[in-house]
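Asker: Would you mind keeping the following structure in view while I ask a few things?
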Ligand code: ADP
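In this note's numbering, the protein residues as written are 532 to 1020.
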């Protein structure tokens, strides 16, 4: 908006009309005082100021405008009929004017000047606004940077306080922070610690996972720089996402060496104990058979019953020791699988038969469902039978009320699936995955049902070595279905 200040109403009117004809918004003031009040209340882009006014002349008004921050930037064009002398014009500029127009006014010239000053003022206001916005943005970014830096510092402080070796890497996998413990195992914050001769290369393993965007979980031995000792560590590196993409990686090495040593000692004890137990047990078995033959007992006599009970118990002991031996074989990588093309149906039937022989046939009912596999599959018949016997024994053991069991088979182009379903106590969902772990027993059943929690662990290792899959689905109180799959080739 443009403000015209003149004590002459006619001048005001004609100037107003002239400017409005060019689409300018116009306001008027009849005196210097009125102009001051209006300029402090409104926002003007240009002031056209008559120099000769009765109370306050145009120069005084302009000087007053120059004293207020709100008005000092507004361009002023002076209008004067008389003072064409140089000193008046000079005073006009000195008091803050931008231009000087003498009366009688040439409308074209005035309009040109008005347009130029008005546009200039608008542009400079727009530039100021942009500058202010930019300044605000810069301030905002600075504040953000400070917060981010303090967050990062806080995070690094947390990593320093960890009992583990900790580090972070950027999206390209370059290490960009390590905590103090890092230097016990690596001389440089850019290089991963040196691994044992038989361990995988950490950088290679990390790169492999990083390319797939997957976390890394790795047990490695790394060398302590001051003692030279290799210690087992669990390395975990996890991606950190921001807006759906990986921003960086956080990694820790946890020292599990003591744990590993205890585990190794336990495995060694297990291996020795089961081997040592196996020898006398084999003799006991042989002597009982000898005794049975020599005594020639009447089948229905009490004594024959006792001998048969001893044989049952010895058989149980034998199974336990064989399982323990299998565990130690797995630990030492010595569980050998001899795969030969085999009719899986024969293996399934053998397993069912041996279960029926050792259980009360009146109570236990085993049904077959699904099409019978009529192909040869490369498998270790003894080991797969062992898996099935384990599934079936568990199905009966953990179903005290209803000893009905269903064995279902299914074959497609790639694999054969065998499942064993029971209607027993079931397993809560959160414990289902753990039943395949070594020595794990679902708590509720451990008091009521005897066992060591290694049968399913051995099964899962046997199936793993056949490159198959193993799993369970179960509902507490309704029953469980354990299954395994074997690839056809
Ligand atoms: P064990 O039976 O000797 O304890 P397993 O390794 O065969 O050892 O089984 C591990 C655990 O899984 C068992 O202790 C039991 O809690 C649970 N489990 C296995 N099979 C079944 C089943 N059919 N129904 C319910 N729970 C089962």
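Every residue, glycine too, gets a C-beta built ideally from N, C-alpha and C.
A quick note: this is a predicted structure, and the numbers were derived from the prediction, not measured.
Considering only the alpha carbon of each residue, which of 740, 560, 688, 695 lies closest to residue 764?
Answerer: Answer by Cα proximity: 695.
Asker: Who are the Cβ neighbours of residue 699 in its own chain at under 7 Å, not counting the five residues just before and after it?
Answerer: For residue 699, where only same-chain residues beyond five positions count, the Cβ hits under 7 Å are 707, 708, 779, 780, 781.
Asker: Go ahead and label residue 621 buried or exposed: buried means 16 or more other beta carbons lie within 10 angstroms of its beta carbon, across all protein chains shown.
Answerer: With fewer than 16 Cβ atoms within 10 Å of its Cβ, residue 621 is classed as exposed.
Asker: Is the distance from the Cβ of residue 967 to the Cβ of residue 988 below 8 Å?
Answerer: Yes, the Cβ-Cβ distance between residue 967 and residue 988 is below 8 Å.
Asker: What runs of the beta strand (DSSP E), each 3 residues or longer, lie entirely inside the region 733-767?
Answerer: Runs of the beta strand (DSSP E) inside the region 733-767: 747-754.
Asker: Using 7 Å as the cut-off, classify the Cβ of residue 925 as near or not near the heavy atoms of the ligand ADP, replying yes or no.
Answerer: Yes.
Asker: Could you round the C-beta distance between residue 503 and residue 610 to whole angstroms and report it? I think they count as a contact, below 8 Å.
Answerer: Here the chain comprises residues numbered 532 to 1020, so residue 503 is not present and cannot be evaluated.
Asker: Where does residue 771 land, buried or exposed, given buried means 16+ other C-beta within 10 angstroms?
Answerer: When all chains shown are included, residue 771 counts as exposed.
Asker: In the region 555-613, which residue ranges form an unbroken alpha helix (DSSP H) of at least 4 residues, counting only runs that do not cross its ends?
Answerer: The region 555-613 contains these whole alpha helix (DSSP H) runs: 563-572, 589-598.
Asker: Check this for me: beta carbons of residue 936 and residue 927, under 8 Å apart or not?
Answerer: Against a cut-off of 8 Å, the Cβ pair of residue 927 and residue 936 comes out as a contact.
Asker: Going by other Cβ atoms of all chains shown within 10 Å of its Cβ, with 16 needed for buried, is residue 662 buried or exposed?
Answerer: It counts as exposed.
Asker: Please confirm whether any heavy atom of the ligand ADP lies closer than 7 Å to the CB of residue 714.
Answerer: Result no, Cβ not under 7 Å from the ligand ADP.
Asker: Please classify residue 701: does DSSP put it in a helix, a strand, or coil?
Answerer: Strand at residue 701.
Asker: Given 8 Å as the limit, is there contact between the region 1000-1008 and the region 953-960, that is, 3 or more CB pairs closer than that?
Answerer: As far as the Cβ criterion goes, the region 1000-1008 touches the region 953-960, which means the pair count is three or higher.
Asker: So, at 8 Å on beta carbons, what are the nonlocal neighbours of residue 624 in its own chain, with the 5 sequence-adjacent residues on each side left out?
Answerer: Excluding sequence neighbours, residue 624 sits near 631.
Asker: For residue 905, does the three-state DSSP call read helix, strand or coil?
Answerer: Coil at residue 905, not helix or strand.
Asker: Any contact of the region 726-736 with the region 797-813, i.e. 3+ C-beta pairs under 8 Å?
Answerer: Output reads no: the region 797-813 does not touch the region 726-736.
Asker: Find the nearest neighbour of residue 870 within the set 570, 600, 997, 535, judged by alpha-carbon distance.
Answerer: It is 997 whose Cα lies nearest to the Cα of residue 870.
Asker: Just to confirm, are residue 762 and residue 786 a CB contact at a threshold of 8 Å?
Answerer: Their beta carbons are under 8 Å apart, which means residue 762 touches residue 786 by this criterion.
Asker: Closest to residue 980 by C-alpha separation, out of 862, 740, 646, 925, would be which residue?
Answerer: Out of 862, 740, 646, 925, 925 has the C-alpha closest to the C-alpha of residue 980.
Asker: Based on Cα-Cα distance, which residue from 894, 669, 868 lies nearest to residue 932?
Answerer: Answer by Cα proximity: 894.
Asker: Quick one: residues in its chain with C-beta nearer than 8 Å to the C-beta of residue 566, no 5 flanking neighbours on either side, listed in chain order?
Answerer: Cβ within range, chain order: 534, 536, 560, 578, 580, 592.
Asker: Given residue 754, which residues of its chain have a CB within under 6 Å of its CB, disregarding the five upstream and five downstream residues?
Answerer: Excluding sequence neighbours, residue 754 sits near 725, 761.
Asker: List the whole-angstrom C-beta distance separating residue 912 from residue 873, where the pair is believed to meet the contact cut-off of C-beta under 8 Å.
Answerer: Confirmed, Cβ separation roughly 5 Å.
Asker: Under 8 Å, do residue 969 and residue 858 count as touching if we go by C-beta distance?
Answerer: A contact, by the Cβ cut-off of 8 Å.
Asker: Could you tell me which residues DSSP pairs with residue 628 in its beta bridges?
Answerer: According to DSSP, which records beta bridges pairwise, residue 628 is partnered with nothing at all.
Asker: Roughly how many angstroms separate the alpha carbons of residue 769 and residue 914, rounded to a whole number?
Answerer: The alpha-carbon atoms of residue 769 and residue 914 are separated by roughly 37 Å.
Asker: Of all the options 964, 550, 889, 907, which has the alpha carbon lying nearest to the alpha carbon of residue 1017?
Answerer: Of 964, 550, 889, 907, the residue nearest in Cα terms is 907.
Asker: State the beta-bridge partners of residue 497 as determined by DSSP.
Answerer: A query on residue 497 cannot be resolved here, the shown segment of the chain reaching from 532 to 1020 and no further.
Asker: Enumerate, from N- to C-terminal direction, the unbroken alpha helix (DSSP H) stretches of 4 or more residues contained entirely within the region 819-897.
Answerer: Runs found: 833-862, 875-889.
Asker: Examine the ligand ADP and report whether any of its heavy atoms sits within less than 7 Å of the Cβ of residue 1014.
Answerer: No, the beta carbon of residue 1014 sits no closer than 7 Å to any heavy atom of the ligand ADP.
Asker: Compute every distance between the C-beta of residue 747 and the non-hydrogen atoms of the ligand ADP, then say whether any falls below 7 Å.
Answerer: Every heavy atom of the ligand ADP is 7 Å or more from the Cβ of residue 747, so no.
Asker: Flag residue 1011 as yes when its Cβ comes closer than 7 Å to any non-hydrogen atom of the ligand ADP, and as no otherwise.
Answerer: Flag set: Cβ of residue 1011 near the ligand ADP.
Asker: Any idea what DSSP makes of residue 649, helix, strand or coil?
Answerer: DSSP places residue 649 in helix when its eight states are reduced to three.
Asker: Once DSSP output is grouped into helix, strand and coil, what is the label at residue 788?
Answerer: In the structure shown, residue 788 sits in a helix (DSSP, three-state: H, G or I).
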